[in-house]
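Number of protein chains: 2
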Amino acid sequence: MQNKQHKFRQHLVRSGLKATRQRELIARAFFATNTHISAEALYRRVSGRDRRIGLVTVYRTLKLLKEAGLAHERQFGEGRALFEHASSDRHHDHMICSHCGKIVEFENCEIEALQEEVARRLGFTIQYHKLELYGRCKDCRADASGGTGRIRAVGAR
Amino acid sequence: MQNKQHKFRQHLVRSGLKATRQRELIARAFFATNTHISAEALYRRVSGRDRRIGLVTVYRTLKLLKEAGLAHERQFGEGRALFEHASSDRHHDHMICSHCGKIVEFENCEIEALQEEVARRLGFTIQYHKLELYGRCKDCRADASGGTGRIRAVGAR
DNA sequence: AATGAAATTGACAATCAATATCACTTTCAA
DNA sequence: TTGAAAGTGATATTGATTGTCAATTTCATT
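Residue numbers (the numbering used here), protein chains in the order written: chain C, 1 to 157; chain L, 158 to 314.
Encoded structure:
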């Protein structure tokens, strides 16, 4: 969206940074996604438009997008980070299909409230949290291909 | 505990693996811990007893302990994995002090129940989940050393 | 439009945790 | 005791990400 592109440029200006062709392109490609995407995958997309852009610049631009409050970095079970739009300003958690990798966002105030209560009992003040549910989505429950899928289990139950 | 050591040996036998001096030592050192420990840190401990043991063997033995159901691997905000005893058979989640790194385990059935509800609404079947609360513990709230501490934020709120 | 200081880029090296390789050593059933 | 199979440890390798640095680009100012 033009809106986000504009916000990004504003952030650059305010931070005394420069609006370059690469940043413009990478940001545009990122905003064009509607799912969680890895730096590598984003790189492949922009690479299609301009072969000269390097993966390193994609990493750097994603970092800038985070600083601008336009992207969130998520570490799910896998090795690499995934980036999502920070557009929906509300906090949300994630439900991830351990078979096909589908990611669904959700929010639940009751859970958040209970978290606060737990923290209070433990003498903590919550700064942020991470809630990820892993399981099978409707589609993947249908086909009984028992494999473990793309996302590895991480020792919870 | 002798009990766990025995269970580990049983797992080895049942899997057609061999009970070696190194495995014995590493497992003993692991069971002697009472907190979450990294492979590297465990290596340093056994290294104190027997300089000849390699880090690689520690990694391999921790993997065996996981397979034996005696250890859980956790990926918190940091880069490296931490391992904990799987003794308390019940599932639990973690509250982590973002300043001093202290880790407290807790369990909350209400949250679990709500998670199930959320998943059902989304058409998912939960296989496992990950809930981590990050914040300041009592002690670290006291001293106002505003730093971000050892554990990095991961873009949640 | 030209200038030039400061920022940016991209190729490559480096890091860091974890895993693979492989020659040598140890275990353990027979 | 023995020998096949498993295990070990030094080292190399991986894969994601970050650091380095010479060459290039931006952009406020001329």
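Glycine is no exception: its CB is placed at the ideal position from the N, C-alpha and C atoms.
Contained alpha helix (DSSP H) runs [length at least 4] in the region 32–72 of chain C, N- to C-terminal order:
39–49 and 55–67
List the residues of chain L that THR111 (chain C) touches, going by C-beta distances under 8 angstroms, in chain order.
In the sequence as displayed, the identity of residue 111 (chain C) is Ile instead of Thr. Within chain L, the residues near ILE111 (chain C) are ILE268, LEU271, GLN272 and VAL275.
Report yes or no: is there a C-beta of chain L within less than 7 angstroms of the C-beta of VAL58 (chain C)?
no
Sequence-distant residues of its chain with Cβ nearer than 7 angstroms to ARG136 (chain C) (five each side left out):
CYS97, SER98 and HIS99
Cα-Cα separation, ARG150 (chain C) to LEU25 (chain C)
Below a pLDDT of 50, predicted positions are generally treated as unreliable, and ARG150 (chain C), at 44, falls in that range; the measurement from the model is reported next regardless. The alpha-carbon atoms of ARG150 (chain C) and LEU25 (chain C) are separated by roughly 29 angstroms.
Under 7 angstroms between C-beta atoms of ARG237 (chain L) and SER195 (chain L):
yes
On the three-state DSSP scale, how would you describe LYS7 (chain C)?
helix
Buried versus exposed, by CB contacts within 10 Å (16 or more), GLN127 (chain C):
buried
Could you tell me whether the region 225–240 of chain L touches the region 186–195 of chain L, using the rule of 3 or more Cβ pairs below 8 angstroms?
yes
Quick one: using the 10 Å Cβ neighbour count with 16 as the cut-off for buried, is GLN272 (chain L) buried or exposed?
buried
Using a Cβ-Cβ cut-off of 7 angstroms, state whether LYS161 (chain L) counts as contacting chain C.
no
Between the region 126–137 of chain C and chain L, which residues of the former have CB atoms less than 8 angstroms from a CB of the latter, in chain order?
ILE126, GLN127, TYR128, HIS129, LYS130, LEU131, GLU132, LEU133, TYR134, GLY135, ARG136 and CYS137
Buried or exposed for ALA29 (chain C), going by 16 or more other Cβ atoms inside 10 Å?
buried
What residues in the region 74–87 of chain C have a beta carbon less than 7 angstroms from any beta carbon of chain L?
ARG74 and GLN75
Just to confirm my understanding: we take ARG209 (chain L), look at its own chain, exclude 5 residues before and 5 after, and list those with CB closer than 8 angstroms. What are they?
none
CB contact check: GLY123 (chain C) to chain L, cutoff 7 angstroms
yes
Within the 7 angstroms Cβ cut-off, does ASN34 (chain C) reach chain L?
no
CB of LEU279 (chain L) within 7 angstroms of CB of VAL104 (chain C), strictly
yes
For the region 254–266 of chain L, list every residue whose C-beta sits within 8 angstroms of some C-beta in chain C, in sequence order.
CYS254, SER255, VAL261, PHE263 and ASN265
Residues near ARG206 (chain L) by beta carbon distance below 8 angstroms, same chain, minus five either side
LEU182 and ALA186
Just the C-alpha distance for THR148 (chain C) and VAL56 (chain C), rounded to the nearest angstrom, thanks.
The predicted model places THR148 (chain C) with a pLDDT of 43, which falls under 50 and marks its position as unreliable; any figure quoted below should be read in that light. For THR148 (chain C) and VAL56 (chain C), the distance between alpha carbons rounds to 32 angstroms.
Using the Cβ count rule (16 or more neighbours within 10 Å means buried), how would you classify LYS287 (chain L)?
buried
Do you know offhand how far ARG141 (chain C)'s Cα is from THR282 (chain L)'s?
8 angstroms
Counting only beta-carbon separations shorter than 7 angstroms, does LEU65 (chain C) have a partner in chain L?
no
Measure how close the beta-carbons of LEU219 (chain L) and ALA228 (chain L) come, nearest whole angstrom, since I'm counting them as under 8 angstroms.
6 angstroms
Using only CA atoms, which one of C:SER87, C:SER15, C:LYS66 and C:ARG120 lies nearest to ASN3 (chain C)?
C:SER87
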